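Trainee:
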Amino acid sequence: MSEQFLYFLQQMFNGVTLGSTYALIAIGYTMVYGIIGMINFAHGEVYMIGSYVSFMIIAALMMMGIDTSWLLVAAGFVGAIVIASAYGWSIERVAYRPVRNSKRLIALISAIGMSIFLQNYVSLTQGSRDVALPSLFNGQWVVGHSDSFSATITTMQLVIWVVTFIAMLA
């Protein structure tokens, strides 16, 4: 295969993965809007907090010598769900419930304020640097290669695609 086609194919795989991640977040926005009838601008920040919690749990377990991928993922997933749910519940009680019957602009300002608060809260408590989880799924498949370029699909990309597909069906 030509190098240009392989590059296009790799970028297509990367784009589908990024689009799948955005689709998962959009499904969450849609569910929240359908339930409470307002846009939760802090939705992304709750995802961020869940990610940090997952990172801390997985890093702590790895430092204790636990390196079983499924156990690390399960513990990180459960911890993220519990803490993100607690944050979501707290946000609803503090920022949204008091203004639920107010004008929509007031609820919008409250949602934006909560988003800004959570961004700064995490920045102050965790620092403003990027944090990356170690790769838990190390496999990859070479779809095509030339002398200087290979198009691959990683196990993590497949996991993201499958989770997104299942969420879209639900």
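Mapping of the sequence shown onto the working numbering: residues 916 to 1085, in sequence order. Glycine is no exception: its CB is placed at the ideal position from the N, C-alpha and C atoms. Just so you know, these numbers come straight off a predicted model, no measurement behind them.
Opposite Ile-1068 in the DSSP bridges: which residues?
Mentor: In DSSP, Ile-1068 forms a bridge with Trp-1056.
Trainee: Out of Ser-984, Gly-934, Tyr-1002, Ala-974, which has the shortest C-alpha to C-alpha gap to Gly-965?
Mentor: Among Ser-984, Gly-934, Tyr-1002, Ala-974, the Cα nearest to that of Gly-965 belongs to Tyr-1002.
Trainee: Around the C-beta of His-1060, are 16 or more other C-beta atoms found within 10 angstroms, so that it is buried, or is it exposed?
Mentor: Burial call: exposed.
Trainee: Return yes when the Cβ of Glu-960 is within less than 8 Å of the Cβ of Leu-1033, no when it is not.
Mentor: For Leu-1033 and Glu-960, yes; Cβs fall inside 8 Å.
Trainee: In or out: Ala-1085 buried (at least 16 other Cβ within 10 Å) or exposed?
Mentor: Flag for Ala-1085 reads exposed.
Trainee: Check Asn-1035 in the structure and name its three-state DSSP category.
Mentor: Three-state DSSP puts Asn-1035 in a helix.
Trainee: Give a yes or no on contact between the region 1060-1074 and the region 918-935, applying the rule of three or more CB pairs nearer than 8 Å.
Mentor: Taking 8 Å as the limit for Cβ pairs, the verdict is that the region 918-935 does touch the region 1060-1074.
Trainee: Which word fits Ala-941, buried or exposed, when buried means at least 16 other C-beta atoms lie within 10 angstroms of its C-beta?
Mentor: Classification for Ala-941: exposed.
Trainee: Alpha carbons only, please: which of Leu-1039, Ile-1068, Val-1037, Met-971 is nearest the one belonging to Phe-1052?
Mentor: The shortest C-alpha separation from Phe-1052 is found at Ile-1068.
Trainee: Might you give, ordered along the chain, the residues of its own chain that have their beta carbon closer than 8 Å to the beta carbon of Ile-1027, omitting 5 neighbours on each side?
Mentor: These residues qualify, in order along the chain: Phe-956.
Trainee: To the nearest angstrom, report how far apart Ser-969 and Thr-1040 are at their CA atoms.
Mentor: Those two C-alpha atoms are separated by around 16 Å.
Trainee: Could you check if Ile-1006 is buried or exposed, using at least 16 other CB atoms within 10 Å of its CB as the buried criterion?
Mentor: It is buried - the Cβ of Ile-1006 has at least 16 other Cβ atoms within 10 Å.
Trainee: Once you ignore the five residues that flank Ser-1072 on each side, which residues in its own chain have a CB closer than 7 Å to its CB?
Mentor: First, the residue type needs correcting, since residue 1072 is Gln and not Ser in the sequence shown. Correct list, in chain order: Phe-928, Thr-932.
Trainee: With 16 as the cutoff for other CB atoms within 10 Å, does Leu-987 come out buried or exposed?
Mentor: Looking at its Cβ environment, which holds 16 or more other Cβ atoms inside 10 Å, Leu-987 is buried.
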